[in-house]
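First residue of the sequence shown: 709, per our numbering; consecutive thereafter. Using N, Cα and C, we set each Cβ at its ideal position, and we do this for glycine too. Here is the structure we will look at.
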Amino acid sequence: DLSHENAAFDISVASYLLAKSTRTLPAGTVIVAVVDPGVGSSREGLVVRTQTGRIYVAPDNGLLTEVLAREGLAEVRYLQNPKLNLPGPSSATFHARDIFGPAAAHLVAGVSLDSCGPKADKIIRLPRPLATVMANQAKGQVLYIDHYGNILTNIPGSELTKLKTGQLLSLTLRGKNLSVPFLRTYADAPADRPFALINSDGELEIAITKGHAAKELGAKVGDAVVLKL
């Protein structure tokens, strides 16, 4: 059970968290992901096998956007076989319980993807915010603010290899100019002072040790971040 803490109705953030959370799971793992404000509408359910061999059961609302970008698409089918549903009438407001969960159980038990329904000809994908890294600056945005208030951006650490530990970075966040040290880990930073690091997922992150960086700096998901190089 990965999480029930995603912000209500926020499919974009859920897509990002899903891809981060499942990237180390082995081939053949069946994952149910449901953030579904359109439950009971004409939106389809999906069963997807990625090129990693993982199988995802989810609504067709863009939730799998980031997973598919990172893992690639091998096969996708509409989830339309009522024999895979929970016995009895399916609730119009709880497809996670009555349709997605039971279908995943059948897949774990060996039911094939082609038993789920016809091949999907087109599925919904959300726009993906991509960072731009140039010789003198990197432009990105805030993708997520975690439980600790850390500000996670889409600026990839793989493009920032010239940065040195202890170096002062010039950042612009929400139009505010910041000068923050670039550090290796949280323990290297003094309390109550913003700093930057490359987190465990290889992203540029702004944090405050034992503090809440997002509240301190007024950051929100979608805010522009500019790093001078």
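By the Cβ neighbour-count rule, residue 736 is exposed, with fewer than 16 other Cβ atoms within 10 Å of its own. Your pair residue 934 and residue 845 checks out as a contact, with CB atoms roughly 6 Å apart and the cut at 8 Å.
Here residue 748 carries a coil assignment [DSSP, helix/strand/coil]. Bounds of any alpha helix (DSSP H) do not take in residue 884; it lies within the beta strand (DSSP E) bounded by 884–889. Leaving aside the five residues that flank residue 836 on each side, the residues in its chain whose CB is nearer than 8 Å to its CB run, in chain order, 773, 774 and 777. Between residue 720 and residue 834, the gap from beta carbon to beta carbon is short of 9 Å. Relative to residue 919, the option among 889, 856, 860 and 738 whose CA is nearest is 856.
If you check the CB distance, residue 907 and residue 865 come in under 9 Å. Here residue 861 is buried, its C-beta having at least 16 other C-beta atoms within 10 Å. Straight-line measurement puts the Cα of residue 710 at about 27 Å from the Cα of residue 892. Around the CB of residue 769, 16 or more other CB atoms lie within 10 Å, so the residue is classed as buried. In this structure, the alpha-carbon of residue 916 lies about 19 Å from that of residue 883.
Exposed is the label assigned to residue 733, since fewer than 16 other Cβ atoms lie within 10 Å of its Cβ.
Nearest to residue 905 by C-alpha distance, out of 831, 925, 881 and 877, is 877. Contact annotation: residue 821 and residue 809 have beta-carbon atoms that are not nearer than 9 Å. Judged by DSSP secondary structure, residue 819 falls outside any beta strand (DSSP E); it is assigned neither H nor E.
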